[in-house]
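The sequence shown runs -18 to -1, 1 to 438 under mature numbering (1 follows the signal peptide of the UniProt record, and there is no 0).
Built from N, CA and C at the ideal position, the CB exists for glycine as well.
Model, not experiment: these values are computed from the prediction.
Below: one structure, written as structure tokens.
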Amino acid sequence: MLRILFLALCGLLTHTRADPGALLRLGLDIMNREVQSAMDESHILEQMAAEAGKKRPGMKPIKGITNLKVKDVQLPVITLSFLPGVGIFQCVSTGMTITGKSFIGGNMEIIVVLNITATNRLLQDEKTGLPTFKSEGCEVILVSVKTNLPSNMLPKVVNKFLDSTLHKVLPSLMCPAIDAVLVYVNRKWANLNAPMPVGQMGIVKYVLTSMPTTTANYLQVDFSPVVQQQEGNTIQLADAGEALEFPEGYAEGSSQLLLSATFLTTELALLQKSFNVNVQDMKIGKLPPQTTKTLAGFIPKVAKAYPKPKPLVTQIRINKPPKVTMKTGKSLLHLHGTLEMFAARRRGKAPVSLFLLETHFNLKIQYSVREDRLLMVTSLDRLLSLSRESSSIGAFSEKELTGFITDYLQEAYVPVVNDVLQVGFPLPDLLDIDYNLAELDIVENALVLVLNLKLD
């Protein structure tokens, strides 16, 4: 009994691991940029310097120095490193000048270079359920200290005074800067769970599978995306059958977004109805005129049934959800449906069905990113099967139509599919990530976006 229970639990855990439809791996390149950006946006060190001389409730005056001010704050240099299972260790290196009236009279200047260190623990916000960083263990480490106090003063007196002064001033001045910067970083998780539209067909939400985790080289975010039709019905992601993993070969500490083929398949299901078309144009691209006379060149029986040329009307219906498959370097869109051709009649009469074919064909997909949305452009790869379901013109061999239907799909149908695909699919909205410069790699069962930073 215990063995059966153990096997059942293992099966559940395996399924859960395979559940994410998208993975995001954030390296130090992205995280460094985010923290630096937050530091710049907040102007927090300058604000702290401005507050230094103000009297605050509960703050005792510092013996030996009055009219305390801070100026000449240097541009901070931020260094981050991942703490596996915890979060991020942060070191901010900066410098500044502290001025005031000294205990011996006259103006005093203390020029300090220092490091502020803290552990930014990755937690889950109790209200929103979103990731959030919280600083712990903030310390201020002095790298160098210079002062204009007279050189004839006893070194021990000077050192004692500086040590006492700086240890009172700096932690209360600098450590709040770390917390303030994290407020800005945490705000950039806020839109993560927000629904994002796919045209008028539905929405996509990037829901966290679990809390993000940190390793020695990156922070990983697993998503179980929710895809909903406009009516509110959720389209379930198919079980991929294996755990999603990033392929090897990417630079250590770099950032990537991985989208599974099953997730892209689910998104395309939103567009299935838009792939149904009726085409009644006589002139389409490079095709010969779309009339019964042209069709008779492939099926002679058409000429007997329609000695006078009639315009053709073609109806394509996709009756199975579109499916995306991926092998290294190549991605295909599989479409199963029916293709029915009609002979048009005048004076408002309904067209007459000539034949109905079941068909399966593949379109080759090329991916790109524009305005932080994933775009697809297709071209015909192969017509895989044609089978006759009905015919008003008698029996004929489907093979006779292979060339005609292949050309028709490429010239008449693929442009319709590409027009529908221009809607694009939204990408995860967090930490102000810019996907537009990403390099795209098609790997086994997934698309990888290698995230590159903008060069200022």
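Check for me: the beta strand (DSSP E) holding residue i runs from which residue to which?
i, result
"P113", "113 to 129"
"P179", "178 to 180"
"E421", "421 to 425"
"K187", "184 to 187"
"S369", "355 to 373"
"A428", "428 to 433"
"L403", "Run containing L403: none in the beta strand (DSSP E); it sits in the alpha helix (DSSP H), 396 to 403."
"L277", "Looking at the DSSP string, L277 is not in any beta strand (DSSP E); the run it does join, the alpha helix (DSSP H), is 274 to 278."
Measuring from the CB of residue i, is there a heavy atom of the ligand PLP at a distance below 8 Å?
i, result
"E353", "Absent from the structure shown: the ligand PLP. Ligands present: none."
Is residue i near residue j, with beta carbons less than 9 Å apart?
i, j, result
"G406", "L345", "no"
"L391", "F343", "yes"
"M308", "N427", "yes"
"L65", "L240", "no"
"P271", "L190", "no"
"K255", "T273", "no"
"I217", "F257", "no"
"I347", "S313", "yes"
"G300", "L383", "Note on residue identity: the sequence assigns Ile, not Gly, to residue 300. In this structure, L383 does not lie closer than 9 Å to I300 by Cβ."
"T341", "T310", "no"
"M358", "L315", "yes"
"I70", "T195", "no"
"F337", "F386", "no"
Excluding five sequence neighbours on each side, which residues of the same chain lie with their C-beta closer than 6 Å to the C-beta of residue i?
i, result
"T61", "C73"
"Q262", "V295"
"V250", "Correcting the residue identity first, residue 250 is Leu in this sequence and not Val. Only P304 meet the Cβ criterion."
"P179", "I185"
"V430", "Q238, L240, D423"
"D161", "S117"
"P177", "I185, K187"
"K53", "T79"
"G9", "Y200, G235, S236, S237"
"Q276", "According to the sequence shown, residue 276 is Thr rather than Gln. Once the five neighbours on either side are set aside, the close Cβ partners of T276 are P270."
"N418", "V351"
Round the Cβ separation of residue i and residue j to the nearest angstrom and send it over; I've been treating them as touching at under 8 Å.
i, j, result
"L96", "T79", "With a Cβ gap of about 12 Å, L96 and T79 do not count as contacting."
"P2", "L201", "No, P2 and L201 are not in contact; Cβ-Cβ is about 15 Å, not under 8 Å."
"V396", "S361", "6 Å"
"K268", "E393", "6 Å"
"I375", "V284", "6 Å"
"A159", "L57", "With 8 Å as the limit, A159 and L57 do not qualify as a contact, their Cβ atoms being about 14 Å apart."
"L148", "V94", "7 Å"
Could you spell out the range, first to last residue, of the alpha helix (DSSP H) harbouring residue i?
i, result
"L246", "243 to 251"
"Y349", "No alpha helix (DSSP H) holds Y349; the beta strand (DSSP E) holding it covers 334 to 352."
"G231", "Per DSSP, G231 belongs to no alpha helix (DSSP H) and is neither H nor E."
"K283", "283 to 287"
"T384", "384 to 390"
"N14", "10 to 24"
Which same chain residues, not among the five before or five after residue i, have their C-beta less than 8 Å away from its C-beta?
i, result
"L136", "Note that L136 has pLDDT 46, beneath the 50 cutoff, so the model's placement of it is unreliable and no number is given."
"A420", "L239, V351, L431, V432, L433, N434"
"A326", "Q262, K292, P293, L294, V295, P333"
"R364", "F343, N344"
"Q211", "M183, G184, I217, L252"
Which residues in the same chain as residue i place their Cβ atom closer than 7 Å to its Cβ, once the five residues preceding and following it in sequence are excluded?
i, result
"N168", "T114, F115"
"D389", "L269"
"E23", "Y166"
"F245", "G3, A4, P207, L219"
"A243", "V306, T307, M308, N427, A428"
"G119", "A100, T101"
If you pair each beta-carbon of the segment 359 to 378 with each one of the segment 218 to 234, do three or more pairs fall below 8 Å?
No, because fewer than three Cβ pairs between the segment 359 to 378 and the segment 218 to 234 fall closer than 8 Å, the two stretches do not touch.
For the segment 7 to 19 against the segment 410 to 427, do three or more pairs of beta-carbon atoms, one drawn from each stretch, fall closer than 8 Å, so that the two count as touching?
Touching, yes.
Please determine if the segment 117 to 128 and the segment 97 to 106 are in contact, where contact requires at least 3 C-beta pairs separated by less than 8 Å.
yes
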